[in-house]
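Here our numbering is used: the first residue of the first sequence is 1, the next is one more, and so on.
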Amino acid sequence: MPELPEVETVRRGLARLLVGRRVAGVEVREGKSFVVAPGASVERDLEGAAVTAVRRRGKVLLIELDTGYTLVGHLKMTGQMVVRTADERWGAGHPNDSLIGELPDRSTRVILEFDDGTAVYFNDQRKFGWLQLMPASAVAEIPLLAAMGPEPLDPAVDAWPEFRRRIARHGRTSVKAALLNQEVVAGIGNIYADEALWAVKLHPATPVDAIGARKLHQLLDAARHVISLSLSLGGSTDRNYVDAEGRRGSYLQFANVFRRDGQPCPRCGTVLTKLRVAGRGTHICPRCQKLPRA
DNA sequence: CACTTGACCTGTCCGC
DNA sequence: TGCGGACAGGTCAAGT
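What follows is the structure, given as structure tokens:
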């Protein structure tokens with residue numbers, strides 16, 4: 001569930017709350033959720049280190065430290081990175097409009113404690129997510145990052161030329177599978193793939209090589225649009241997602257097709273349906289999004 | 001090599 | 001009410 005808008009929202013919260021603080025201690029409650037890369041040491045490279053920046057690449061979080069090491073994180077489907085200040089932990093309590101209650105809870109896998117009493121709880125119901133401590137110089141070599149496609153919202157670089165080149169390598173596959181492939185473009189997952197395909201009236205099973213360059217450009221633009229709209233709404237909360245302060249995102253209230261099967265298409269009124277494409281639950285308007293016959 | 005499917009986990013929901 | 005099974009979705013390994 002956490003896709004680019006959700007991970008970026010978490011990143012902003014972590015950056016605001018953690019930069020400048022020093023790690024005082026680490027509690028690993030679930031070993032498989034916390035990886036120490038060969039050559040890295042929790043005692044030497046993490047404990048006592050100050051956070052210098054929190055960055056993001058696609059759906060990957062990068063917590064950079066002044067020791068030259070980075071704590072890399074992936075939330076996968078059910079991961080959360082929730083910050084509680086010393087006051088919230090021991091004083092006035094935390095905001096009670098949150099999806100989550102007292103922390104730690106049974107989904108808490110790792111706790112990072114900071115010098116001022118602030119704590120970060122890495123929660124992950126399904127244990128698919130991970131944190132990994134590694135030298136900053138090794139981060140770009142993580143296979144997922146090394147192969148990752150362009151950032152759709154990077155103001156410094158237009159993703160279109162790279163996107164066009166990369167998606168063309170997947171000519172026979174469905175356009176939905178291509179959009180979900182992080183090597184084609186970074187950060188898109190099931191929600192925003194369905195939303196973008198609906199916006200440009202493409203059936204998710206359409207083979208990439210049946211789509212012209214003009215339409216592909218519209219598709220990328222639609223993806224950028226839904227992603228930035230969602231970002232402005234704090235992302236999408238289906239069941240698990242919350243930001244670094246425990247707040248939900250509200251994009252799904254404005255979603256056009258995702259999880260709206262059985263409801264009318266906002267464009268034409270036809271009942272939206274759900275099918276499986278690329279092994280994923282996929283939401284479409286059967287009238288707006290027709291499969292071109294081969 | 002291109003592409004699809006299954007595994008990884010746990011919680012929830014549905015039908016019997 | 002209890003219980004089995006389908007389903008959820010990001011990425012990687014294994015299969016076609």
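No residue lacks a Cβ here, since even glycine has one placed at the ideal position from N, Cα and C.
Nearest-angstrom beta carbon gap, residue j and residue i [assumed within contact, 8 Å]
i    : j    : result
R22  : F122 : Not confirmed; about 18 Å, so no contact.
V175 : G149 : Incorrect: roughly 15 Å between the Cβ atoms, too far for contact.
E64  : A136 : 6 Å
L103 : G58  : Incorrect: roughly 27 Å between the Cβ atoms, too far for contact.
Nearest-angstrom Cα separation, counted from residue j out to residue i
i    : j    : result
E6   : R276 : 24 Å
V157 : R169 : 21 Å
E195 : A223 : 8 Å
L62  : R287 : 42 Å
I211 : D154 : 25 Å
L145 : G269 : 41 Å
D107 : V139 : In the sequence as presented, Asp is not what sits at residue 107; that position holds Ser. So the alpha carbons of these two residues sit roughly 27 Å apart.
T237 : F163 : 28 Å
I142 : V82  : 25 Å
L216 : L202 : 10 Å
G101 : V120 : 14 Å
C285 : T173 : 21 Å
G189 : N181 : 9 Å
W90  : E27  : 18 Å
R126 : R259 : 21 Å
W160 : R214 : 11 Å
A278 : A92  : 47 Å
Residues near residue i in its chain [Cβ-Cβ closer than 6 Å; skip 5 each side]
i    : result
G295 : This structure does not reach residue 295, given that the chain is present from 1 up to 294, and the question cannot be answered.
G117 : A86
V60  : H74
S98  : G246
G13  : D243, A244 and E245
D45  : T67 and Y69
A178 : I167, H170, V184 and V208
Residue of the options minimising C-alpha distance to residue i
i    : options                   : result
V35  : R12, L133 and E43         : L133
R248 : G269, K215, D261 and Q80  : Q80
D124 : G279, R259, V242 and G269 : V242
V72  : R56, R84, V83 and T78     : R56
L220 : V51, P152 and R109        : P152
V42  : A53, Y69, V54 and L180    : Y69
V10  : Q263, R29, P292 and S232  : S232
G31  : I111, R166, K215 and A178 : I111
A49  : V28, V19 and Y192         : V19
H225 : E8, R214 and Y192         : Y192
A205 : L272, P264, A136 and K290 : K290
G187 : R84, A199, A147 and P161  : A147
T78  : T52, S33 and N256         : S33
K274 : H283, F128 and R267       : H283
Host alpha helix (DSSP H) of residue i (start-end)
i    : result
Q218 : A213 to S232
I284 : Taken as a continuous stretch (DSSP letters only), I284 belongs to no alpha helix (DSSP H), being part of the beta strand (DSSP E) at R280 to I284.
Extent of the continuous beta strand (DSSP E) run through residue i
i    : result
V51  : V51 to R57
D306 : The shown model of the chain, from 1 to 294, leaves out residue 306, and the question about it has no answer.
Own chain, CB closer than 8 Å to residue i, minus 5 neighbours either side, in chain order
i    : result
G171 : P207, V208 and D209
F254 : L229 and L233
Cutoff 7 Å; reference residue i; Cβ partners in own chain excluding five residues on either side
i  : result
E8 : R56 and L231
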